[in-house]
Structure formats: C-alpha cells, structure tokens
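Below is one structure, written out as structure tokens; comments come after it.
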Amino acid sequence: MTRPIRKVVILGGGTAGWMTAALLAKVLGPVIQIELVESDDIGIIGVGEATIPPIQQVNAVLGIAEADFLRETRATIKLAIRFENWGAIGDTYYHTFGAAGRNTAFCSFHHFWARARKLGFGGSYWDYDLNALSADAGKFAPTRGNDPVWDMPYAYHFDSGLYGQFLRRYSENLGVVRTEGMVADVQRAAGIGDIMALVLRDGRTVSGDLFVDCSGSRGVLIQQHLGTGYEDWSHWLPCDRAMAVPSERFEHTLPFTRAIAHEAGWQWRIPLQHRNGNGLVYSSRHYTDDQAAEILLGNLGSKALADPKVIPFRTGRARRQWNRNVVAVGLSSGFLEPLESTSIYLIQSAITRLMHLFPHQGITPNLTAEYNRQSQIEMELIRDFIILHYHANARWDSAFWRDLRNMDVPERLARKIELFRSNGTLVQDQYDIFLEPSWVQVLLGQGIQPADYHPLADGPSDDALRRQLSQLAELKVRPLAQLPSHDAFLQAQVGQPV
Ligand SMILES: Cc1cc2nc3c(=O)[nH]c(=O)nc-3n(C[C@H](O)[C@H](O)[C@H](O)COP(=O)(O)OP(=O)(O)OC[C@H]3O[C@@H](n4cnc5c(N)ncnc54)[C@H](O)[C@@H]3O)c2cc1C
9 MTRPIRKVVI LGGGTAGWMT AALLAKVLGP VIQIELVESD DIGIIGVGEA
59 TIPPIQQVNA VLGIAEADFL RETRATIKLA IRFENWGAIG DTYYHTFGAA
109 GRNTAFCSFH HFWARARKLG FGGSYWDYDL NALSADAGKF APTRGNDPVW
159 DMPYAYHFDS GLYGQFLRRY SENLGVVRTE GMVADVQRAA GIGDIMALVL
209 RDGRTVSGDL FVDCSGSRGV LIQQHLGTGY EDWSHWLPCD RAMAVPSERF
259 EHTLPFTRAI AHEAGWQWRI PLQHRNGNGL VYSSRHYTDD QAAEILLGNL
309 GSKALADPKV IPFRTGRARR QWNRNVVAVG LSSGFLEPLE STSIYLIQSA
359 ITRLMHLFPH QGITPNLTAE YNRQSQIEME LIRDFIILHY HANARWDSAF
409 WRDLRNMDVP ERLARKIELF RSNGTLVQDQ YDIFLEPSWV QVLLGQGIQP
459 ADYHPLADGP SDDALRRQLS QLAELKVRPL AQLPSHDAFL QAQVGQPV
C-alpha cells in the first residue's frame, strides 16, 4: 500500500496508548495528526508499575523534569530487583541496573572475581556493585558525572493510573485529540483489507491512515479484526494468572522491587510514595485463586487497601506486531510475564522502532518485515532471560520448580548457559536489552558458577589480585557515606514528606 500517512489513530488509553500518543506527538506532531480512542467503560489493566532504566530516555525526549515526574506519579527509585527464594529457598540476590567491579579492556570483572573465589577470597560478587550496596543501605542520590565506577543506573516505580493521566495531559497539550467511546466494529478497504475507520458503538466513525492497536490483551484490531494469530510460550513460562492488590506503605520506601518466589509462582512488592503495589504471579494448574489469595494476603506485611483482582494472561506474542496498516503496541502485541518489568520498555521500544521506520510515504512490505523482524528478536531475547530465572533453580519443594528445572529451554538460551558454565563467557546478542552485567548477576544468583575463567584473569599475582579486589570494594563503598536515604531524596524532590 502506498497511501501517505497523514493521520494516526491510537486505540486504547492505557500506558501503551498514552505513551504512544505522547512520543508520537512530541516527535512527529508537526507532520501528522493524532487521535486516541478509549473506552471509560472498559478502563485500563491498572498494573505495570516497575520499570527499567531506559524509561529515563522517555522523560528526556518528552522534556519531563524528574522532580515533576516523581511528584505527579508518586514514584520511587528502583535500583534493582531483589530475588528471594529463587535459586534455593533462603537464597537472595540482586539483579541490579549497575555493574560490579571494573572491566579491563578484554576481560570482564567477573573473571577476576571467579579466580579470587577459587583462591578462597573475593567475597560476594555484589560487594563490588554500588547499586546493590545502596539498595541494602536504603540510600539514593544520582551519582552520574562522578567517576564512572560510581555510576548507579536507576529506574522508577510509579502509579500506573497516575502515569497514564500525566501523559494524557501532556499529549492533549500537544494537540492529541481524545475521543471517548467503545469500538464496536471497523471499516475495511475493499480488496486490500486495510482498516479505514473505527466504528464506535454510537455510530460515530474515526478514520485514519495508520492504526496503533493499544487495546490491551483483547487485541481488538490486531487479533479480533485482522486475525494475526498468537505464538504461545506458556510451555516455557507456565504462570498464567496474576492477583494484584494495593496495601499501605511501609515507614521507609525501599529503592528496589522485591520478587519473592513461592511454591508455584512468585510475588512482587513495589514500593510507591503513597502505597505498596503487590501481586502474585502463579500457575493455575498448581494454585486455585483461593490459594493464591491466601498466599498473597498473608505476605503483604501491611494492610490491604482493596480486594485482590485476578488478571489472567497468556505468555507469548502476536505473530506479527505490524500487520497491514495496524501496529500492535503494549499488551496487544504480546506479553511476557512481569518478572523483569519489561513490558513498559517494550512499549517504548516499539514506538521508537515505529518512529525510525515511519512509513510517511506509505506502508511497504520491506518496512513491515523489518519492523517485525526486530520486534520478534527483541522479545525472544527477553523471553530467554526470564526463562533462565525459572529454569536454573535449586528448589526441591514442588513439582512446579522440578518440572521447570528439567524442561528443554530454547536452544539459544541453552547455549548461553553452557558457555557461561564452562568458562564464564557471555555472548552479547544484538537487540538484547539485557547486557552482560545483567546476565552474570542472574546466572550467578541462580546458582550457576563458571568452572573456569578467562586466562587474562591470571595476569596479577595472587597477592596483587587480593589487593586489587579489596581496593575496588573500598572504592565502591565510598560514596555511600555521602548519599541521603531514599526517603530523604524523594522528599527533597517532591517538596513534601513521603
Ligand atoms: C500482572 C501484571 C503485572 C505487570 N507488571 C508490570 C511491571 O511491573 N512493569 C512493566 O513494565 N509492565 C508490567 N505489566 C505490563 C503492563 O501492565 C502493560 O504493559 C501496560 O499497562 C500497558 O497496557 P496496555 O496499555 O497495553 O493495556 P490496557 O491498560 O489494558 O489498556 C487498554 C486500553 O484499550 C481500551 N480499549 C480496549 N478495548 C476497547 C474498545 N473496544 N473500544 C475502546 N477502547 C478499548 C481500554 O479502555 C484501555 O484504555 C504487567 C502486566 C500484568 C498483567
């Protein structure tokens, strides 16, 4: 199809819809018209409150100051996820956004650390990671601009409802038109099959050239009308339900997410300024909803503020994220469970990709094929990273964990694990949002120790290595004394007690 794209219609006003509207309006606003249709009767999913550091780029592109963002969305800082009971019951490790130690030109820090461990010293890998040290101390302030060894990358936890409203105000200010109404049907172009207009329940129509389907797991355009099909990944990621409930905040807000494994699933605890977000992700073959509610409500640590809400889901992806003149963004494009907080990032990445490949002179097969190729690889790489957490477990307490340990994993992941296990090597795939420090932390945290290390780590003598590591640990810990508590940082930013 070669029709120029003058008007983009976004269906859905959840995080995906309003992020798409805000970014498109900011970047392409001068050359396209944007209309967003959402139904107040349906509402939004209302979860999705933990992010990863690229969210800062969204704020930077939109020109949103951090203090405004923190105030408006009641956000807190996220330095890491703390995984509890994942390797074996009682084990705890961080997947931080930082990097341990300091790499040399051809040899990553973990090889030196692995050698030290063989020699009987070196302590914990996380002793060399400022994010982990600050998370443990409950402290935070941005450290960028100092010595790079003190870089402390971070993300946010925010209230998803407030975030959507914040982006809605932003988008409407830039001229995005919002139409409230329920889409009941669509008009298709004769012969070609492209969508020409949305037809609302009351008979109004909203026409456009390109449609972004942000209608959530319903996939109103991409699935219900275009029948794109879905690739199911639940044989690798068997959790298919979540139960979410807010609870009262604790006295101090932690600067990290907690991911606590249970017998057949795991629980998140996300600290916000005004409340905690909690949820249990579980397998319906192993837990009934009543059992899930008992586990979740019994492990909140503070008073529940609402009744728990059940959210069924199916892990997988739309077979094509871009089909005809519809691009699926957000839950309509697929869903990987929330273990590594990647869905909001995938929204950001999808919009960025769409802007790079924007079909201003018309949609061509080459553009859609390239878009779909990149989207597929990106999602598969995240899928593999999440599978790793489940597969490399040392839990013997339930069939759930035993089955996951014994399952066949995707070939690319199996190769990655074996390579790391044999000599600590990691291969960085293009489009993988998780870089070497993330993989190393989760592999080590889940109990996979490399049998060997890179020969360059044999460079220093035993004594020199011991000295280097202790100097590095001391260097990493040094900024802590200067950092305020996480609560004090937030209070200074938002201008009121948190
Ligand atoms: C249990 C759980 C936990 C999660 N945790 C995280 C997390 O920590 N971090 C993270 O990054 N992501 C997380 N996610 C994912 C995250 O919630 C979503 O990616 C994000 O909220 C985007 O959702 P959405 O906008 O695609 O869909 P929704 O929020 O469902 O919005 C859909 C929109 O479409 C509209 N709509 C639907 N049908 C019609 C129709 N016929 N007519 C008109 N309007 C219609 C609705 O009104 C709504 O506005 C989680 C998801 C789940 C299920």
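Okay, so the sequence shown: first residue is 9 according to my numbering, each after it adds one. All C-beta atoms, glycine included, are put in the ideal place defined by N, C-alpha and C.
{"Query": "Can you pull the DSSP bridge partners for Thr1?", "Result": "The question about residue 1 has no answer here: the residues shown for the chain are numbered 9 through 506."}
{"Query": "Since Tyr164 sits in a beta bridge, which residues does DSSP pair it with?", "Result": "Ile85"}
{"Query": "Considering just the uninterrupted stretch of the alpha helix (DSSP H) at Tyr398, what are its terminal residues?", "Result": "Pro373 to His399"}
{"Query": "Considering Cα atoms alone, identify which of Ala407, His103 and Ser179 is closest to Gln41.", "Result": "Ser179"}
{"Query": "Measure the CB-CB distance between Ser223 and Leu19 and report whether it falls below 7 Å.", "Result": "yes"}
{"Query": "So who's on the other strand from Ile200, going by DSSP bridges?", "Result": "None, per the DSSP bridge assignment."}
{"Query": "Compute the Euclidean distance between the alpha carbons of Ile72 and Ala83, then round it to the nearest angstrom.", "Result": "14 Å"}
{"Query": "Report whether the distance from the Cβ of Ala314 to the nearest heavy atom of ligand 1 is below 6 Å.", "Result": "no"}
{"Query": "When you measure from the CB of Ala358 to every non-hydrogen atom of ligand 1, does any distance come out below 6 Å?", "Result": "no"}
{"Query": "Rounded C-beta distance between Ser292 and Phe408? I'm assuming under 8 Å.", "Result": "So it is not a contact: roughly 12 Å between Cβ atoms."}
{"Query": "Ile63 lies in the alpha helix (DSSP H); which residues open and close that run?", "Result": "Ile63 to Leu70"}
{"Query": "Just to confirm the assignment, what range does the alpha helix (DSSP H) spanning Ala358 have?", "Result": "Ser351 to His364"}
{"Query": "Val194 to Phe219, Cα distance in whole Å?", "Result": "11 Å"}
{"Query": "For my contact list, Met387 and Leu451 are in at a C-beta cut-off of 8 Å; report their separation, rounded to the angstrom.", "Result": "At roughly 21 Å, the Cβ-Cβ gap does not stay under 8 Å, so Met387 and Leu451 are not in contact."}
{"Query": "Distance check for Asp471 and Asp297, CA to CA, integer angstroms please.", "Result": "57 Å"}
{"Query": "Pull the bridge partners of Gln41 from the DSSP assignment, please.", "Result": "Lys15"}
{"Query": "Taking just the CA atoms, how far does Phe497 sit from Ala149?", "Result": "6 Å"}
{"Query": "Heavy atom of ligand 1 less than 6 Å from the Cβ of Phe91, yes or no?", "Result": "no"}
{"Query": "Any chance the stretch 387-403 sits against the stretch 436-455, with 3 or more Cβ pairs inside 8 Å?", "Result": "yes"}
{"Query": "Mind checking which residues open and close the alpha helix (DSSP H) that includes Ile53?", "Result": "Element bounds for Ile53: n/a, residue is neither H nor E."}
{"Query": "Apart from the five residues on each side of it in sequence, which residues of its chain come closer than 6 Å, Cβ to Cβ, to Gln449?", "Result": "His103"}
{"Query": "Mark Ile230 as exposed unless 16 or more other C-beta atoms lie within 10 angstroms of its C-beta, in which case mark it buried.", "Result": "buried"}
{"Query": "Between the C-alpha atoms of Arg125 and Gly131, what's the straight-line distance to the nearest angstrom?", "Result": "7 Å"}
{"Query": "Quick one: what does DSSP say His282 is sitting in, helix, strand or coil?", "Result": "coil"}
{"Query": "Going by the CB atoms, is the gap between Glu46 and Val507 shorter than 7 Å?", "Result": "A query on residue 507 cannot be resolved here, the shown segment of the chain reaching from 9 to 506 and no further."}
{"Query": "Closer than 6 Å: is that where the CB of Leu229 sits relative to any heavy atom of ligand 1?", "Result": "no"}
{"Query": "If you draw a straight line from the alpha carbon of Asn374 to that of Phe366, how long is it in whole angstroms?", "Result": "12 Å"}
{"Query": "Do Phe262 and Pro279 have their C-beta atoms closer together than 7 Å?", "Result": "For the record, residue 262 in the displayed sequence is Leu; it is not Phe. For Leu262 and Pro279, yes; Cβs fall inside 7 Å."}
{"Query": "Roughly how many whole angstroms lie between the Cα atoms of Asp523 and Pro487?", "Result": "Because the chain is modelled from 9 through 506, residue 523 falls outside the range shown and cannot be assessed."}
{"Query": "So does Phe321 have its beta carbon nearer than 6 Å to some heavy atom of ligand 1?", "Result": "yes"}
{"Query": "Give me the Cα-Cα distance between Gly432 and His260, rounded to the nearest whole angstrom.", "Result": "38 Å"}
{"Query": "Going by DSSP, what residues sit across from Met251 in a beta bridge?", "Result": "Leu288 and Val318"}
{"Query": "What whole-angstrom Cβ distance do Gly370 and Arg11 have, given they're in contact under 8 Å?", "Result": "5 Å"}
{"Query": "Looking only at its own chain, which residues have a Cβ that is under 6 Å from the Cβ of Arg266, when we skip the five neighbours before and after it?", "Result": "Arg90 and Arg277"}
{"Query": "Quick check: the Cα distance between His118 and Gly109, rounded to an integer number of angstroms?", "Result": "8 Å"}
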